[in-house]
Amino acid sequence: MATRILSKKSCIIAKMNKNVMPSVVELPELIKEKKKAGSRGPPPMELQFTISKTRVSDLAPYGKSVEAMCRGIPTYVAHEARGDNFFFYSGQCFKTNLMGMITFNYCDESASFK
Numbered sequence: 001m002a003t004r005i006l007s008k009k010s011c012i013i014a015k016m017n018k019n020v021m022p023s024v025v026e027l028p029e030l031i032k033e034k035k036k037a038g039s040r041g042p043p044p045m046e047l048q049f050t051i052s053k054t055r056v057s058d059l060a061p062y063g064k065s066v067e068a069m070c071r072g073i074p075t076y077v078a079h080e081a082r083g084d085n086f087f088f089y090s091g092q093c094f095k096t097n098l099m100g101m102i103t104f105n106y107c108d109e110s111a112s113f114k
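Quick note: the sequence shown uses our numbering, first residue 1, plus one each step.
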């Protein structure tokens with residue numbers, strides 16, 4: 001999956017956790033359920049990612065959609081972070097949300113993500 005951070009003019013690529021992410025087939029039904037439940041529903045699940053300091057030089061292996069989305073801007077790979085230490089992270093983080101169901105927190109492991 002890829003996320004374009006407009007304020008940073010950068011792109012982040014991360015491997016999708018299939019145990020957490022709904023499939024494209026499940027997504028429409030989950031969106032309906034979320035709208036129906038409104039604020040009574042469960043809070044969004046949160047996933048934490050650490051952004052690598054190394055820039056991606058070739059977008060082709062990530063597929064045409066990612067290539068089109070991230071072409072021409074600095075692109076970095078993010079890895080899912082697990083464990084309690086992440087919650088005490090003091091670096092710069094960016095938060096994005098997938099339709100109120102899953103929140104993605106991307107945190108920079110170095111000052112290289114600009």
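For glycine and all other residues, C-beta sits at the position ideal for the given N, C-alpha and C.
Reduced DSSP category for Arg55 - H, G, I as helix; E, B as strand; rest coil: In the sequence shown, the residue the question calls residue 55 occupies position 55. If DSSP states are grouped into helix, strand and coil, Arg55 belongs with the strands.
Residue from Cys93, Thr75 and Met99 whose Cα sits closest to the Cα of Ala14: Working through the sequence shown from its first residue, we reach residue 14 at position 14. Of the listed residues, the one whose Cα sits closest to Ala14 is Thr75.
Alpha-carbon spacing of Thr3 relative to Glu26, whole angstroms: Taking the first residue of the sequence shown as 1, we reach residue 3 at position 3. Taking the first residue of the sequence shown as 1, we reach residue 26 at position 26. Going from the Cα of Thr3 to the Cα of Glu26 covers about 21 Å.
Under the three-state DSSP convention, the category Glu80 falls into: Position 80 of the sequence shown, counted from the first residue, corresponds to residue 80. Reduced to three states, the DSSP call for Glu80 is strand.
Residue nearest to Leu59 in terms of C-alpha spacing, selected from Asp108, Val77, Gln48 and Arg40: Residue mapping note: residue 59 aligns to position 59 of the sequence shown, counting from 1. Relative to Leu59, the option among Asp108, Val77, Gln48 and Arg40 whose CA is nearest is Val77.
Straight-line gap, Met16 to Glu80 (C-alpha atoms, nearest Å): Taking the first residue of the sequence shown as position 1, residue 16 is located at position 16. Taking the first residue of the sequence shown as position 1, residue 80 is located at position 80. Approximately 9 Å, taken between the alpha carbons.
Beta-carbon proximity check, Gln48 vs Asn97, cutoff 9 Å: As a first step, residue 48 must be located in the sequence shown, where it is residue number 48. As a first step, residue 97 must be located in the sequence shown, where it is residue number 97. Note that the C-beta distance between Gln48 and Asn97 is not below 9 Å.
Val20, buried or exposed, once every other Cβ within 10 Å from all chains shown has been counted against 16: Numbered from 1 along the sequence shown, position 20 holds the residue referred to as residue 20. So Val20 counts as exposed.
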